[in-house]
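Engineer: There's a structure below that I have some questions on.
Residue numbers (the working numbering), protein chains in the order written: chain A, 95 to 322; chain B, 95 to 322.
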């Protein structure tokens, strides 16, 4: 039995897609939402897409207590508010996997441009805001939420994982790679999120032009040794 | 007969690799260098790797006059100096393809980090510095110079092309795609170079970890309609 995987913002497109894919891969998931009612609705929708899912729906702070590795999949506009609300819920030793992208859409700007975050990246802002002893790993920025949430699509792309401790990243990589078609690539320390978070606006721009749901693949890595 | 393709900084690893690949694809190339002697040596080396090459070696300012689309493949440290030296050589109507990446290595920092460029990117700095009527397109940041310069390697990756006019980018894409294994992807306006230039330090970091010569592939684009 693997541990439940809480997803804060699990009613949003990225969070729900992640929950659905993980549930279909046999992982227990916990959908967190600001409202217990919306969490419950997302659980019902998920149960239709993944009939054998082990899933529960809770308000975010309760969801965050359910497992050691917590995913945060909220818009940048809501990231700081969510992290404030989780201060009493997160405990030392937990990992927070931040997927936040600081697109300018947060302030009515273009989703093809980003905002400068004083700390360097949304992930580094998250690391500053979580309680002492909680470690942030950044991942999942480049996976199309539409693609992820469509159970009929076969994924075939990479997830770039940034974090300061290799062992932490490896735990996140294991979860990511339990979803068929996703390969986790070690993209360096947490500060590399400054780069990786920028890939989302680039892909949004490409998607507008190509009518695609683009993702990223790093070429030239050995097929076997995909995690280092 | 296609027009000669000048490569400023063609004795460097990226420039030479580009020249060699283009020459093997049957394109006439002009290797530019600060010194005519070094240009000549690069031509000799190229003639061994591509026996049928149409190639000449010239000092940069003379090379830049030889064709309508000029590639600039110099280190960031030397970019502004080169553009100053080309002020009298470049003429309205020419395209300058900038491959410069502002890594912190330019100031003895890490190649896995970048410097902030006031204009937003090295390519935008180039656009500011070229004579009026010369247009900058940014490309080739993510292709490993080692990989490009190794004639025994089959390339299999994308080149992200940024520029403000689609027709200009299409001309650059045509040259890029004359090299087997490279696909050009329209990555948006020139300002998107702010993002694309950051991919090089990311790949350098991945290469150090994976002992690879990594590149980038955009997934989810149709195989047929690769240029939009």
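In this text, a Cβ means the ideal position worked out from N, Cα and C, and glycines have one as well.
Do you know how far the Cα of residue 194 (chain B) is from the Cα of residue 206 (chain B)?
Structural biologist: Rounded to whole angstroms, residue 206 (chain B) to residue 194 (chain B) spans 15 Å at the Cα level.
Engineer: Any beta carbon of chain B sitting closer than 9 Å to that of residue 292 (chain A)?
Structural biologist: It does: the Cβ of residue 292 (chain A) has a partner Cβ on chain B nearer than 9 Å.
Engineer: When the cut-off is 9 Å and only beta carbons count, does residue 280 (chain A) lie next to chain B?
Structural biologist: Yes, because at least one Cβ of chain B sits closer than 9 Å to the Cβ of residue 280 (chain A).
Engineer: Who are residue 101 (chain A)'s beta bridge partners in DSSP?
Structural biologist: BP columns for residue 101 (chain A) point to A:125 and A:165.
Engineer: Report yes if the C-beta distance between residue 308 (chain A) and residue 297 (chain A) is below 9 Å; otherwise report no.
Structural biologist: In this structure, residue 297 (chain A) lies closer than 9 Å to residue 308 (chain A) by Cβ.
Engineer: Report the start-end ranges of each alpha helix (DSSP H) in the segment 130–163 of chain A that is 4 residues or longer and not cut off at the edges.
Structural biologist: Here the runs fully enclosed are 130–143 and 154–158.
Engineer: May I ask you to report which of helix, strand or coil DSSP gives residue 265 (chain B)?
Structural biologist: Helix at residue 265 (chain B).
Engineer: Give a yes or no on whether the C-beta atoms belonging to residue 180 (chain A) and residue 232 (chain A) are separated by under 9 Å.
Structural biologist: No, Cβ-Cβ distance for residue 180 (chain A) and residue 232 (chain A) is not below 9 Å.
Engineer: Within the 9 Å Cβ cut-off, does residue 128 (chain B) reach chain A?
Structural biologist: No, no contact with chain A.
Engineer: Taking a cut of 9 Å between CB atoms, which residues from the segment 201–226 of chain B lie near chain A?
Structural biologist: So the list reads 206, 207 and 208, given in the order they occur along the chain.
Engineer: Would you tell me roughly how many angstroms separate the C-alpha atoms of residue 210 (chain A) and residue 160 (chain A), rounded to the nearest one?
Structural biologist: Approximately 33 Å between the Cα atoms of the pair.
Engineer: Mind checking residue 295 (chain A): buried by the 16 CB within 10 Å criterion, or exposed?
Structural biologist: Answer is buried; the Cβ neighbour count reaches 16.
Engineer: Over what stretch of residues does the beta strand (DSSP E) that includes residue 232 (chain B) continue unbroken?
Structural biologist: Taken as a continuous stretch (DSSP letters only), the beta strand (DSSP E) holding residue 232 (chain B) covers 229–232.
Engineer: For the segment 258–279 of chain A, which residues have a CB atom closer than 9 Å to at least one CB atom of chain B, in sequence order?
Structural biologist: Against chain B - using a Cβ distance shorter than 9 Å - the residues of the segment 258–279 of chain A are 279.
Engineer: Show which residues of chain A have a CB atom less than 7 Å away from the CB atom of residue 308 (chain B).
Structural biologist: Chain A residues near residue 308 (chain B): 312, 313, 314 and 315.
Engineer: So, is the C-beta of residue 160 (chain B) closer than 9 Å to a C-beta in chain A?
Structural biologist: Chain A, which has no Cβ nearer than 9 Å to the Cβ of residue 160 (chain B), makes this no.
Engineer: Counting only beta-carbon separations shorter than 9 Å, does residue 286 (chain B) have a partner in chain A?
Structural biologist: Taking Cβ atoms only, chain A reaches closer than 9 Å to residue 286 (chain B), which makes this a yes.
Engineer: Assuming the contact rule is C-beta atoms closer than 8 Å, residue 143 (chain A) and residue 245 (chain A) should be a hit. Round their C-beta distance to whole Å, please.
Structural biologist: So it is a contact: roughly 5 Å between Cβ atoms.
Engineer: Considering just the uninterrupted stretch of the alpha helix (DSSP H) at residue 209 (chain A), what are its terminal residues?
Structural biologist: That residue, residue 209 (chain A), is in no alpha helix (DSSP H); it is neither H nor E in DSSP.
Engineer: Tell me, please, whether the segment 236–251 of chain A touches the segment 184–192 of chain A by the rule of three or more beta-carbon pairs shorter than 8 Å.
Structural biologist: Judged by Cβ distances under 8 Å, the segment 236–251 of chain A makes no contact with the segment 184–192 of chain A, as fewer than three pairs qualify.
Engineer: Let me know if residue 251 (chain A) comes out buried or exposed under the rule of 16 or more other beta-carbons within 10 Å of its beta-carbon.
Structural biologist: Buried, since its Cβ has 16 or more Cβ neighbours within 10 Å.
Engineer: Spatial neighbours of residue 215 (chain B) within its chain, please: CB distance less than 6 Å, with the 5 preceding and 5 following residues excluded, ordered by chain position.
Structural biologist: Hits under 6 Å: 287, 288 and 291.
Engineer: Please confirm whether residue 98 (chain A) has its beta-carbon closer than 9 Å to some beta-carbon of chain B.
Structural biologist: Not an interface residue.
Engineer: By the 10 Å Cβ neighbour count, where 16 or more other Cβ atoms means buried, how is residue 168 (chain B) classified, buried or exposed?
Structural biologist: With 16 or more Cβ atoms within 10 Å of its Cβ, residue 168 (chain B) is classed as buried.
Engineer: In the DSSP assignment, what residue or residues form a beta bridge with residue 251 (chain A)?
Structural biologist: Bridge partners of residue 251 (chain A): A:276.
Engineer: With a threshold of 9 Å between beta carbons, is residue 250 (chain B) in contact with chain A?
Structural biologist: At least one chain A Cβ lies under 9 Å of residue 250 (chain B).
Engineer: Could you check which residue in A:174, A:104 and A:156 has the C-alpha nearest to that of residue 182 (chain A)?
Structural biologist: Cα-wise, what sits closest to residue 182 (chain A) is A:156.
Engineer: Measuring from the CB of residue 164 (chain B), is there a heavy atom of the ligand NAD at a distance below 8 Å?
Structural biologist: Ligands displayed in this structure: none; no statement on the ligand NAD is therefore possible.
Engineer: Does the separation of the CB atoms of residue 111 (chain A) and residue 126 (chain A) fall below 9 Å?
Structural biologist: Contact flag unset, no.
Engineer: Given a cut-off of 9 Å on the beta-carbon distance, is the pair residue 106 (chain A) and residue 133 (chain A) in contact?
Structural biologist: The answer is no: Cβ separation not under 9 Å.
Engineer: Is the beta carbon of residue 300 (chain A) closer than 9 Å to that of residue 279 (chain B)?
Structural biologist: For residue 279 (chain B) and residue 300 (chain A), yes; Cβs fall inside 9 Å.
Engineer: Taking Cβ positions, are residue 272 (chain A) and residue 147 (chain A) nearer each other than 9 Å?
Structural biologist: Contact: no.
Engineer: I need the DSSP call for residue 313 (chain B), collapsed to helix, strand or coil.
Structural biologist: Looking at residue 313 (chain B) - three-state DSSP - the assignment turns out to be strand.
Engineer: Residue 312 (chain B): which of B:277, B:304, B:262 and B:303 sits nearest, CA to CA?
Structural biologist: Checked all of B:277, B:304, B:262 and B:303; the closest Cα to residue 312 (chain B) is B:277.
Engineer: Residue 139 (chain B) touches chain A at which residues, Cβ-Cβ below 7 Å?
Structural biologist: Ordered by position in chain A, no residue passes the 7 Å Cβ test against residue 139 (chain B), which lies about 24 Å from the chain.
Engineer: Taking buried to mean at least 16 other C-beta atoms within 10 Å of its own C-beta, is residue 202 (chain B) buried or exposed?
Structural biologist: Its Cβ having fewer than 16 others within 10 Å, residue 202 (chain B) is exposed.
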